[in-house]
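Working notes for the structure below.
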Amino acid sequence: MEISLKQGIRGVNTYLFRSPYYQIGCVQQYRPFEHGHQQHLFNVAAGEHAQLQYFINHPGEPAFSGQNRPSYWAGNGTMPAIYQYRNLAVLIFNIDEEELVHAIHAYLPLERLNALHQSAHHLLFSCDDAYVSTYFSEPFSITESGANRKREVISKGLVHAVVVRCAGKSEFGSFAQFITDQTSQAYVFDREKFAFTCTDSRWGLLEVTSGQLMVNRQQISFDYPKTVAIQTGEFEHA
């Protein structure tokens, strides 16, 4: 199921892709690379009861228990450019040097996972029959101490490309097959132009360039209607 809607006086284009195993949603291309707000722009809910909440943001302050808005976990210091196509999302971060935190992070409570696989640039996990892959253009690490122990993934630097791909057991027969598929993908990131290219095994060629997403050479529009648009049926096996 796909749900899209333009909301609010600023005309914010919101998008949600939902399957029986997960849902992944975002705000498409909302004021990218500007100083942010406390609202989230991207989220994944996975598992039979959507018990796993997973999101990625740029911390607005360095203190975990601070009072700023945006704060450590709420919102973004510098907002990313987000391009979502069905169950695949590309997030481009270009963090202002004046920001207090020069890193991005993900909220991922490990105790809710059934399996976890990681390499230098890939983090993959399963929750019930939902599979999620995240590619980080920069190296990442899992926090092992303090209040965020085993629930935070940090990737340092000002410029990042992040790819989040969701899937269900019906698309890949096993988590091992999903790992093989995702880690064999080729990713090309131009840090100067903030351009990104990858070839997904299901959707084909995806190209991101300066506010535009092309899928197999066709431009994807993020200009949604002001009334809810819902598409169902053909995507439920995803």
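Residue numbers are given in the numbering used here: position 119 of the sequence shown equals residue 119, and the series is strictly consecutive. Built from N, CA and C at the ideal position, the CB exists for glycine as well.
In the three-state DSSP reduction, leucine 110 falls in the helix class (H, G or I). Going by DSSP, phenylalanine 125 is part of the beta strand (DSSP E) stretching over 122-127.
For isoleucine 95, no alpha helix (DSSP H) encloses it, and the DSSP letter there is neither H nor E.
Distances from the CA of proline 109 to each of Phe222, Lys150 and Val163 were compared; the closest alpha carbon is that of Lys150. The beta-carbon distance between valine 159 and arginine 191, rounded to whole angstroms, is 5 Å. This is short enough to meet the 8 Å contact definition. Exposure of leucine 116 is indicated by the presence of fewer than 16 other C-beta atoms within 10 angstroms of its C-beta. For the pair glutamate 2 and serine 174, the Cα-to-Cα distance works out to about 25 Å. A straight-line Cα-Cα distance of about 26 Å links isoleucine 56 and serine 170. In the assembly as shown, arginine 10 is an exposed residue. Its beta-carbon has fewer than 16 other beta-carbons within 10 Å.
For threonine 78 and phenylalanine 172, the gap between their C-alpha atoms comes out near 35 Å. In the DSSP secondary-structure assignment, phenylalanine 55 is bridged to Tyr107. DSSP places aspartate 200 within a strand segment (E or B) once states are collapsed to three. Comparing C-alpha distances from glutamine 29 to each of Leu91, Pro20 and Gln51 shows the shortest one belongs to Leu91. The three-state reading of DSSP puts alanine 147 in coil, since its state is none of H, G, I, E or B.
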